[in-house]
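Chains as they are written, first to last, in the numbering used here: chain A, 30 to 265; chain H, 30 to 265.
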DNA sequence: GTATGACCAAAAATGCATATCTGGTCAAAT
DNA sequence: ATTTGACCAGATATGCATTTTTGGTCATAC
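Next up, the structure:
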C-alpha cells in the first residue's frame, strides 16, 4: 500500500500521510490540525512544511496517494482475474475496491463529515470528472467491440455512475442485517450489466484489457508527480 | 392533485397545505414559519392550530398528502400503461413520477436543505422502509411468477433501491448538457431490469397488476386518515 | 544541511448581555 | 360556533470583548 511503483513519496512523507489519513478519516479535515498530524507522525510541525506548502497541499497529496493505491489494486485485480477484460468486471472490481477503502469511499460519496470545507471547493468536480471519464471510456470500449453496438455509451455511463453511487450510499443507510451482502450485490450487478451491454466473445475480452491499460497509462500521464505538490523540487 | 378520492382534507386544509408546500420547497422547513404559511394561505395563524396540533403535524399531514398524490398518479399510470403489469414498469413510472414531483424528490433523497431539522428525526427511516417494502413486494411478485425464479428478491430489491437513489442524486450533480435525458435513462434502466429479472409472458403481466393493486390496498389500510393528525376529530 | 518548537498573526471559539423571532395560546370579536 | 391577532415564553440571532486555537514562519540547535 505504501511504497508502490507509482508512489513518489519518501518514507517520511508516507508516514506523515499515513497519520493524516487516519486522523482525517476519524475527525474530518476541518478538525484535523497540522500539529495533530505532526504529533502522530512523530515529526515536528516544521518538518511538514518542509514537504508541502500548506495543509491543503498535504491533503491534495494524500488524495493522490490514496487514489493511486486504490487504482493499482484495481488494475492488478483486473489483470489477474479470469474475467478481467469483460466490460463490467472493471466496474465490479472498482466497487469492490471502494468497499474496502474508506478514504476512497469518502471521496466517492463526497462525504462532508470527512472532507469538510475541502469538499466545497472541489464539490461536484470529482463525480463530474468520473462521469466524463466513464463516457469516454465506454466509447472506446464500444469502438473496440467490448460494448454492445446498440447500446448508447452515454446512457450506460450515466447508469453505471448512478448505480455505483447509489449502491454505496444506500449501503450506508440500510442496516447490515436487513441488506444482502454488499459484495454479492456488486457481483450480481456487474453480471447484469454484462449480460445487458457486454459482448461475450474472446476478441472483445482482449480488446477490453487493452483499453483498460491504455486508459490507465493516459491517466498516469495526466497526473504525473509534477501536479503533486512537493514544492521544493527535492533536487534542483 | 387536490381533492382526490384519498385526500381526506377539507378545502381550507388543502389551501394551507398548498401554501406550506410551496414555502417549504422554496425556503426549507426550518425557515418556513407558521405565520408565513398562514399569510400565504390567507388565514390567520390561529386557524392553522384549529386543524393541526403543531407545525410538525402540519408538515406530517403535508407529507402524507404529497405521498398520496404521488402514489395515485403512479397507480393510474400503471393501470393505463400497456406494460403496466411488468415487474419493472412499476419502477419506471415511480421514478418518472419522482422526476416531476419536487416534494417527493426531496423526501426520497432526504434533502436536508428542504427537510431541515425534520429530517434528523425521521432520518433513514424513509429509505429503510422503502427498501423493506421493496423486498416484500418483490417476494410477492416472485410468488406470483412475475419475478424470474432464479433471482434473489432481496438482492434485486436492494439493487433497485440503489439505482433509483443513485439516478436521482447523480442527476443533481452532473450538469444537464453533459448528462443524457433523464427519462430516457429511466426507460433504459427499467428495460434492462426487465430483461434481467422479469418474466415476459401474459400470465405474469396479469399477476403483476394484481399484486400492485393488492399492495396499494394494503398500504391504504396502513395509513388511514386516523394516522393523520386532525386532532379535533371534526365530528365527535 | 536538517530538523525543531517557540512564536506570530489571523481566524475561530467562548461568554454574555441584549434584541428579535417564532411556535403556540386564548380572550375578545364576529 | 368560528375566527382572529395581540400576546407570551422559550428559543434563536446579534453584537462585542476576550480567550484559545491553528496554519504557517524562522532563529536556533544539532
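Where a beta carbon is used, it is the ideal one built from N, C-alpha and C, also for glycine. Predicted, not measured: the structure shown is a model, and the values here were computed from it.
Status (buried if at least 16 other CB within 10 Å, exposed otherwise) for residue i
{"i": "residue 75 (chain H)", "result": "exposed"}
{"i": "residue 94 (chain H)", "result": "buried"}
{"i": "residue 123 (chain A)", "result": "buried"}
{"i": "residue 39 (chain H)", "result": "exposed"}
{"i": "residue 79 (chain A)", "result": "exposed"}
{"i": "residue 158 (chain A)", "result": "exposed"}
{"i": "residue 209 (chain A)", "result": "buried"}
{"i": "residue 46 (chain H)", "result": "buried"}
{"i": "residue 232 (chain H)", "result": "exposed"}
{"i": "residue 121 (chain H)", "result": "buried"}
{"i": "residue 91 (chain A)", "result": "buried"}
{"i": "residue 243 (chain H)", "result": "exposed"}
{"i": "residue 200 (chain H)", "result": "buried"}
{"i": "residue 204 (chain H)", "result": "exposed"}
{"i": "residue 255 (chain H)", "result": "At residue 255 (chain H) the pLDDT is 40, less than 50, meaning the model places this residue with poor confidence and gives no usable figure here."}
{"i": "residue 107 (chain H)", "result": "buried"}
{"i": "residue 212 (chain H)", "result": "exposed"}
{"i": "residue 83 (chain H)", "result": "exposed"}
{"i": "residue 207 (chain H)", "result": "exposed"}
Where residue i falls: helix, strand or coil (DSSP)
{"i": "residue 227 (chain H)", "result": "strand"}
{"i": "residue 164 (chain A)", "result": "helix"}
{"i": "residue 58 (chain A)", "result": "coil"}
{"i": "residue 139 (chain H)", "result": "coil"}
{"i": "residue 39 (chain H)", "result": "coil"}
{"i": "residue 181 (chain A)", "result": "coil"}
{"i": "residue 207 (chain H)", "result": "coil"}
{"i": "residue 64 (chain H)", "result": "helix"}
{"i": "residue 112 (chain H)", "result": "coil"}
{"i": "residue 130 (chain H)", "result": "coil"}
{"i": "residue 13 (chain H)", "result": "Any property of residue 13 (chain H) remains undetermined from this structure, which presents chain H solely from 30 to 265."}
{"i": "residue 159 (chain H)", "result": "helix"}
{"i": "residue 191 (chain H)", "result": "helix"}
{"i": "residue 71 (chain A)", "result": "coil"}
{"i": "residue 93 (chain H)", "result": "helix"}
{"i": "residue 238 (chain A)", "result": "helix"}
{"i": "residue 147 (chain H)", "result": "helix"}
{"i": "residue 44 (chain A)", "result": "helix"}
In DSSP terms, what residue i is bridged to
{"i": "residue 176 (chain A)", "result": "A:227"}
Inset, instruction - Anything in the region 57-88 of chain A with a Cβ closer than 7 Å to a Cβ of chain H? List those residues in chain order, please. - result: Listed in sequence order: no entries.
Inset, instruction - Mind the definition here: the region 223-239 of chain H touches the region 159-177 of chain H only if three or more C-beta pairs lie below 8 Å; say whether that holds. - result: The region 223-239 of chain H vs the region 159-177 of chain H: in contact.
Legend entry - the region 214-232 of chain H contacting the region 100-110 of chain H, beta-carbon criterion three pairs below 8 Å: No: the two stretches stay apart, fewer than three of their Cβ pairs being nearer than 8 Å.
Inset, instruction - Could you name the residues of the region 220-250 of chain A whose beta carbon sits closer than 7 Å to any beta carbon of chain H, in the order they occur along the chain? - result: From the region 220-250 of chain A, only 221, 224, 225 have a Cβ closer than 7 Å to chain H.
Legend entry - the region 51-65 of chain A contacting the region 110-130 of chain A, beta-carbon criterion three pairs below 8 Å: Counting Cβ pairs under 8 Å, fewer than three are found: no touch.
Legend entry - chain A contacts from the region 131-144 of chain H (Cβ-Cβ distance under 7 Å): From the region 131-144 of chain H, no residue has a Cβ closer than 7 Å to chain A.
Inset, instruction - Could you tell me whether the region 190-205 of chain H touches the region 75-85 of chain H, using the rule of 3 or more Cβ pairs below 8 Å? - result: Counting Cβ pairs under 8 Å, fewer than three are found: no touch.
Inset, instruction - Assess, as a yes-or-no matter, whether the region 38-55 of chain H is touched by the region 129-141 of chain H under the definition of 3 or more beta carbon pairs within less than 8 Å. - result: By the Cβ rule, the region 129-141 of chain H counts as touching the region 38-55 of chain H, because three or more pairs are nearer than 8 Å.
Legend entry - the region 181-189 of chain A / the region 162-170 of chain A touching (three or more Cβ pairs under 8 Å): Segments in contact, yes.
Legend entry - Residues of the region 182-200 of chain H whose Cβ lies closer than 9 Å to any Cβ of chain A, in chain order: Under the 9 Å Cβ criterion, the region 182-200 of chain H contributes 183, 184, 185, 186, 187, 188, 190, 191, 192, 193, 194, 195, 196, 197, 198, 199, 200.
Inset, instruction - Report the residues of the region 88-115 of chain H with a CB closer than 7 Å to any CB of chain A, ordered along the chain. - result: Residues: none.
Legend entry - chain A contacts made by the region 205-220 of chain H, where a contact means CB separation under 8 Å: Of all residues in the region 205-220 of chain H, only 207, 208, 209, 213, 214, 217, 218 place a beta-carbon less than 8 Å from a beta-carbon of chain A.
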